[in-house]
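There are 2 protein chains.
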Amino acid sequence: MNPEEFRKIGHQLIDWIADYRASVADLPVRSRLEPGVVRAQLPATPPIHPESFDAIFTDLEQIILPGLSHWQHPSFFGYFPSNGELSSVLGDYLSTGLGVLGLSWQSSPALTELEEVVTDWLRQMIGLSESWSGVIQDTASTSTLVALLCARERASNYSLARGGLQGEENPLIVYVSNHSHSSVEKAALLAGFGRANLHLIAADKNYAMKPDALEEAIQADLEASLVPCAVVATTGTTGTTALDPVKAIAEVAHRYNIWLHVDAALAGSAMILPECRWMWDGIESADSLVLNPHKWLGAAFDCSVYYVRDPEHLVRVMSTNPSYLQSAVDTKVKNLRDWGIPLGRRFRALKLWCLIREQGIEGLQTRLRRDLQNAQWFAEQVQATPSWRVLAPVPLQTVCVRHEPPGLEDEALDKHTLAWVECVNNSGGAYLTPAILDGRWMVRVSIGALLTEREHVDALWAMMRREAERPQTHP
Amino acid sequence: MNPEEFRKIGHQLIDWIADYRASVADLPVRSRLEPGVVRAQLPATPPIHPESFDAIFTDLEQIILPGLSHWQHPSFFGYFPSNGELSSVLGDYLSTGLGVLGLSWQSSPALTELEEVVTDWLRQMIGLSESWSGVIQDTASTSTLVALLCARERASNYSLARGGLQGEENPLIVYVSNHSHSSVEKAALLAGFGRANLHLIAADKNYAMKPDALEEAIQADLEASLVPCAVVATTGTTGTTALDPVKAIAEVAHRYNIWLHVDAALAGSAMILPECRWMWDGIESADSLVLNPHKWLGAAFDCSVYYVRDPEHLVRVMSTNPSYLQSAVDTKVKNLRDWGIPLGRRFRALKLWCLIREQGIEGLQTRLRRDLQNAQWFAEQVQATPSWRVLAPVPLQTVCVRHEPPGLEDEALDKHTLAWVECVNNSGGAYLTPAILDGRWMVRVSIGALLTEREHVDALWAMMRREAERPQTHP
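Read top to bottom, the protein sequences are chains A and B. Quick note on numbering: the numbering used here labels position 331 of the first sequence as 354, and the sequence is numbered without any gaps. Quick note on numbering: the numbering used here labels position 23 of the second sequence as 46, and the sequence is numbered without any gaps.
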């Protein structure tokens, strides 16, 4: 959708929401639908071709609206209120429209600093002293989990850096490649396994986990009376988009009855292209997998989809069932509170629904193929240029490169790399994030923003050459 | 903000976002600001009186925009793309504007069923078999944590129902009241403490935790070589908005050096009223606390604020530091990835910023006082009516009531309660959620939706009497 279409439909949407809020008092507060009624009215398969937003609005009114319980209704006296004041709604609209992320300060300084200011405003408003620092989480469930994790680690003198909550006898072991995403390590530490029980499996020259090394590690651990528990394979690592061999890893996992989780956060989007599905061959043998439509696919952040093959097990782990959350239909329906950590949840499916319908499968495929081709083209340019190297295979949309002028090695090379990247980033013309590979800094060129066409990649390449090859940046 | 103001400013906002997206290519991709520059331009204290949205737009353009790194820019080649396709942005706008929650199916059936449909569409699009069930999480960090928790529980044969990951010697113990929210129990189980190490502390007749019972439990546990770790006190429990005595609990917690977390998810909003602050007297002695501006205060869901007194400890527990996330300014700035579970984060501060500015402290206070008065008025009506009882003190905005016609007891009374509540809910005229208190069903009347005026509470009370007192509902 281009900005002019967005403007047109956006105005319609604003009017629709304004009308909804103005007339919400006339609607029945609690939805009267029986389980399955909404689902039965929606197509079981996704649209191949784009649909108009008019069709989406029609379904919204005819199918979705009758299936809502109206939390903003003046006669909503259930649970606790979840007020979405309209000024705050506009603030959220800004957030989604800007589409910036705050993983680190640098990734959008104002995001972090406004959060510091506003949580400090709130601190003053509720009469707390200056000794408190605030941060926004999604729900109190998460805040409380964070609190208990902090309590656990204080009382155990940072057990996560050792064996976690586990004793020395028969601890559960998690296997990851040393190219797994940092969130995997973090999850293992937060889940109480302990760093000592997170075993790193070696990767091959293409940065993919070696299944035979995994099996050797498992056997050695079994001999040492440790308990192999889970292996996390990655389809498209963050550093180089390396592809762990899912099929071979799954065979090992099954042989030893350990959980296989596949992290396809980025690459999962590419699986809408049949020609890419070899990349996670064996996926049907996994126990769980994650892919983030909020990355490449285009769903507004945040939207991460978690798939499992045994939902009963998931519910058993995640479920609590206090009286104030029980209802007469509990045995017939899916209660999302039992499918993850937070109790409350936004209506996130809407953004995925609108995306898939408005783009159609074909529209999404066309864009992803464009990006794959741009990555191939870029890698070819780099490879054909003296003193430049492509450092890893390019199965997806990320190209890992380094400029290696003759005579520059080790720390001097690192210094050169970080210097020219900083020049590119400071220019405002492009944004690249460097990373360490095999102990040396290199540059990840991650292609795939919605607006990125060949001309932008071309311009990037010219800028990279200009900054890296200019004489004064060589020590 | 009323719907007509929302309509007017909403149209401006749509144009602003459309213009932003249309011209994003002209902006420097990475923000060039030094740490602290955004913060220094923002007032250190919140506005007492309402401000216009024009002032907010001006600050957005002059202060916030230069502090953004533009993830939707065509020359953004960092990290991985985080595409917010404009169709998906509109879907998210619908979600925020509707302001409905999906904790359970009943809380908005269409939310759950559309999520089932859309995650199934995506399953088909990426070529997975029908053996997979999908659910939307916020980020892959959370999805992966969920996966490892599920793996942990499978390999340990549901250790969370026993001692968690902890051995039988010297396990860490968490203390909660039996009126704590279900999320506290869930957090303790997910954090690996184990249900056996979650010790329930008795409450007094007002449903508040008894500090002497807490101390007795701690002493008994110490004698049994268990390790007291944390206590969770609640300011405003979910069942009855009971107030655990924070000060007395903090004294016990300090005596035994255990972590005190205060769950003020609902009641925290009321602390903007000085006359309510006695309710969490002693709060400065806590280690952490949570309050949810997305509940009563009016911030669009989701927005939970977590305050800590020792942020270094929080960062030590939550931090991972892979090369692709490092930057030159890391020592000078706050990296939000180290303050919670997810790596990526939305710009959630915007919705709190807009709320506080547009309403002003006074505007927010006026609304909350209205709700407190409505709750008192409602409790008085109930108390003055034969066969009706108010079951718990009403310090906040929730009134726990039961209709107790002569001769109805035990299961018959439960049946009567659930029957008349269901009649109210089915009527569409109001929505109430029943809960169990002292082993019997009762009805929580939680007042405080934005639009709820005295007339709506009055109408509710008439409806409750009509449904509960009509002859045929008596067995």
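Beta carbons: idealized from backbone N, C-alpha and C, even for Gly.
Check: Validate contact between the region 164–179 of chain B and the region 204–211 of chain A using beta carbons, cut 8 Å, 3 pairs; Outcome: yes
Check: Contact set between the region 352–366 of chain B and chain D, restricted to residues whose Cβ is under 7 Å from the partner; Outcome: No chain D appears in the structure shown, which is made up of the protein chains A and B.
Check: Span of the beta strand (DSSP E), counted from its first residue to its last, around A/ASP286; Outcome: 282–286
Check: Inter-stretch contact at 8 Å, needing at least 3 Cβ pairs: the region 213–229 of chain B / the region 370–377 of chain A; Outcome: no
Check: CB contact check: A/LEU474 to chain B, cutoff 9 Å; Outcome: yes
Check: Environment of B/ALA485 [buried if 16+ CB atoms lie within 10 Å]; Outcome: exposed
Check: Range of the contiguous alpha helix (DSSP H) that encloses A/GLN388; Outcome: 372–406
Check: Contact set between the region 38–57 of chain B and chain A, restricted to residues whose Cβ is under 9 Å from the partner; Outcome: ASP38, TRP39, ILE40, ALA41, ASP42, TYR43, ARG44, ALA45, SER46, VAL47, ALA48, LEU50, PRO51, VAL52, ARG53, SER54, ARG55, LEU56, GLU57
Check: Residues of the region 388–413 of chain A with Cβ closer than 8 Å to any Cβ of chain B, in chain order; Outcome: none
Check: Own chain, CB closer than 7 Å to A/LEU50, minus 5 neighbours either side, in chain order; Outcome: HIS93, HIS96
Check: Within-9 Å CB hit, B/THR496 to chain A; Outcome: Low per-residue confidence applies at B/THR496: pLDDT is 46, beneath 50, and the placement is therefore not dependable, though the value from the model is reported in the following sentence. Not closer than 9 Å to any Cβ of chain A, the Cβ of B/THR496 fails to qualify, so no.
Check: Three-way DSSP call (helix, strand, coil) for B/MET302 in this model; Outcome: helix
Check: For B/SER205 and B/ASP267, believed in contact at Cβ under 8 Å, the rounded distance; Outcome: Not a contact, Cβ separation roughly 16 Å.
Check: Buried versus exposed call for B/PRO498 [16 or more other C-beta atoms within 10 Å across all chains shown]; Outcome: Low local confidence applies: a pLDDT of 43 at B/PRO498 is under 50, so the model's placement there is unreliable, with the coordinate-based value given in what follows. Under this definition B/PRO498 is an exposed residue.
Check: Residue from A/ALA178, A/LEU375, A/ILE159, A/PRO58 whose Cα sits closest to the Cα of B/LEU145; Outcome: A/LEU375
Check: Under 9 Å (Cβ pairs) to chain A, residues found in the region 79–96 of chain B; Outcome: ILE79, LEU83, ILE86, ILE87, LEU88, PRO89, GLY90, LEU91, SER92, HIS93, TRP94, GLN95, HIS96
Check: Contact check, A/THR162 vs B/HIS317, beta carbons under 9 Å; Outcome: yes
Check: 9 Å Cβ cutoff, A/PRO334 in contact with chain B; Outcome: yes
Check: Assigned secondary structure, A/PRO251 (DSSP; H/G/I helix, E/B strand, else coil); Outcome: strand
Check: Every unbroken alpha helix (DSSP H) inside the region 208–284 of chain A [4 residues or more]; Outcome: 234–246, 269–278
Check: Cβ-Cβ distance between A/LEU283 and A/VAL254 below 9 Å; Outcome: yes
Check: B/GLY430 beta carbon near the ligand COA (any heavy atom closer than 8 Å); Outcome: By its list of ligands, the structure shown contains no ligand whatsoever, and the ligand COA lies outside what it can speak to.
Check: Test item: CB-CB of A/ILE241 and A/ILE281 under 9 Å; Outcome: yes
Check: Interface flag, A/SER205 vs chain B, CB-CB below 9 Å; Outcome: yes
Check: Residues that B/TYR181 bridges to, as DSSP identifies them; Outcome: Answer is none; B/TYR181 lacks a bridge partner.
Check: B/ILE295: first and last residue of the uninterrupted alpha helix (DSSP H) it sits in; Outcome: Taken as a continuous stretch (DSSP letters only), B/ILE295 belongs to no alpha helix (DSSP H), as it is neither H nor E.
Check: Backbone secondary structure at A/ARG425 - three-state DSSP; Outcome: strand
Check: Cβ neighbour criterion (16 or more within 10 Å) applied to B/ALA472; Outcome: buried
Check: Chain B within 9 Å of A/TYR330, Cβ atoms only; Outcome: yes
Check: Residue nearest to A/GLN420 in terms of C-alpha spacing, selected from A/THR260, A/ARG62, A/GLU108, A/LEU117; Outcome: A/THR260
Check: Reduced DSSP category for A/MET24 - H, G, I as helix; E, B as strand; rest coil; Outcome: coil
Check: Under 7 Å by beta carbon: chain A residues contacting B/ILE32; Outcome: LEU113
Check: Range covered by the alpha helix (DSSP H) that runs through A/VAL447; Outcome: 433–450
Check: Selection from B/TYR454, B/THR68, B/ARG489, B/ILE364 that minimises the alpha carbon distance to A/TRP143; Outcome: It should be pointed out that residue 143 of chain A corresponds to Asp in this sequence rather than to Trp. It is B/THR68.
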